[in-house]
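Quick note on our numbering: the sequence shown kicks off at -10 and runs consecutively.
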Amino acid sequence: MLDKVKQALLIINPTAGKTKTESKIDEIISLFEKNIHVVTPLITSKKGDATDFVREYAKLHDAIICCGGDGTLNEIISGLMTMGYSIPIGFIPSGTTNDLASTLNISTDIKKSFKVFLSGNPVYHDIGIINNSYYFSYIASFGAFTKVAYATPQWLKNKLGHFAYVLDGIKSVGEIKPYKVKIKAENFELEDEFIFGSISNSLSIGGIVKLDKEEVSLNDGKFEVLLVRNPHNHVELRGILYGLSHKKYDKKYIIFLKTSEIKLDFLEETDWTCDGEHAKPGKSIFITNCHNAVQFIL
-10 MLDKVKQALL
0 IINPTAGKTK
10 TESKIDEIIS
20 LFEKNIHVVT
30 PLITSKKGDA
40 TDFVREYAKL
50 HDAIICCGGD
60 GTLNEIISGL
70 MTMGYSIPIG
80 FIPSGTTNDL
90 ASTLNISTDI
100 KKSFKVFLSG
110 NPVYHDIGII
120 NNSYYFSYIA
130 SFGAFTKVAY
140 ATPQWLKNKL
150 GHFAYVLDGI
160 KSVGEIKPYK
170 VKIKAENFEL
180 EDEFIFGSIS
190 NSLSIGGIVK
200 LDKEEVSLND
210 GKFEVLLVRN
220 PHNHVELRGI
230 LYGLSHKKYD
240 KKYIIFLKTS
250 EIKLDFLEET
260 DWTCDGEHAK
270 PGKSIFITNC
280 HNAVQFIL
């Protein structure tokens, strides 16, 4: 990839992750400046900065490098998508869970992920959009544990890393409630109560639920949809836990399907997460797959 990149836009989130990137900013910038003719390093200071940087500078560069977590990457992708512009994206993951990096097989080691950027090639990847407003690169979800991703304080995420999600997840078990929702997708229609739902393009869901590699393609124009029914007793709860841990989706407790678009109608406004960030798109949700919308350097 290096021979094709003359000018790179480097976007760094200094507060991402357990170890923080702030202390490594000089090292990261130096790595790129030694190998690329022109590097424009920009440091985010608040939510939305990465999107603004992309809108202002993307068209002046050959590639974008994201050094941050899934949320920072989401902002970069959102900027490109709203511009209707495509440019290769390199990723140096430094977030708390790094779900997408795990799926893309990108190391969280700075030097290793930098080598991927130098020697890799652009690979197309599907992106999701909710109600033509919220973009997500790997997951949108509602229900149980969804709140954990955006309600856990950043300082706790930084201090405890992924363990913070586990702790807050345990605390939120007592807060789990069923959501009555009418769902319509390709060759599928159902109305029922669910405690969790995810529409994803990833092998990992919150670092907890893992999907089989054989089931997931990142650029087939399809989402993987996982729906967990509301358990009415301990027997059903055990069935759900068994199904999730053993990847057994029997439709009795857990529904798994693939679709390029899906519509969900709730009785009330429901909180969602898009790549770990809070979203509240309303009661009627329409999610569409944007096929081969972005390019990751892999």
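Using N, Cα and C, we set each Cβ at its ideal position, and we do this for glycine too.
Secondary structure of residue i, DSSP reduced to three states
{"i": "I66", "result": "helix"}
{"i": "K272", "result": "coil"}
{"i": "D41", "result": "helix"}
{"i": "L49", "result": "helix"}
{"i": "K241", "result": "coil"}
{"i": "K247", "result": "strand"}
{"i": "K171", "result": "strand"}
{"i": "E213", "result": "strand"}
{"i": "E257", "result": "coil"}
{"i": "K252", "result": "strand"}
N-terminal and C-terminal residue of the alpha helix (DSSP H) that residue i is part of
{"i": "G228", "result": "223 to 235"}
{"i": "S19", "result": "14 to 22"}
Identified DSSP bridge partners for residue i
{"i": "R218", "result": "F183"}
{"i": "D201", "result": "Bridge partners of D201: none, in fact."}
{"i": "L(-1)", "result": "P30, I54"}
{"i": "N278", "result": "G117"}
{"i": "T262", "result": "S130, H267"}
Distance, residue j Cα to residue i Cα
{"i": "F183", "j": "L107", "result": "44 Å"}
{"i": "I32", "j": "P3", "result": "7 Å"}
{"i": "A90", "j": "F255", "result": "32 Å"}
{"i": "T71", "j": "F245", "result": "30 Å"}
{"i": "H280", "j": "I128", "result": "15 Å"}
{"i": "S187", "j": "E213", "result": "8 Å"}
{"i": "K169", "j": "E266", "result": "23 Å"}
{"i": "S273", "j": "K166", "result": "19 Å"}
{"i": "T29", "j": "P82", "result": "19 Å"}
{"i": "I159", "j": "Y231", "result": "Below a pLDDT of 50, predicted positions are generally treated as unreliable, and I159, at 43, falls in that range; no measurement from the model is reported."}
{"i": "T61", "j": "Y124", "result": "12 Å"}
{"i": "T262", "j": "T248", "result": "19 Å"}
{"i": "S67", "j": "T40", "result": "6 Å"}
In chain order, what are the residue ranges of uninterrupted beta strand (DSSP E) at least 3 long that sit wholly in the stretch 52 to 136?
Here the runs fully enclosed are 52 to 57, 78 to 82, 111 to 119, 123 to 125, 128 to 132.
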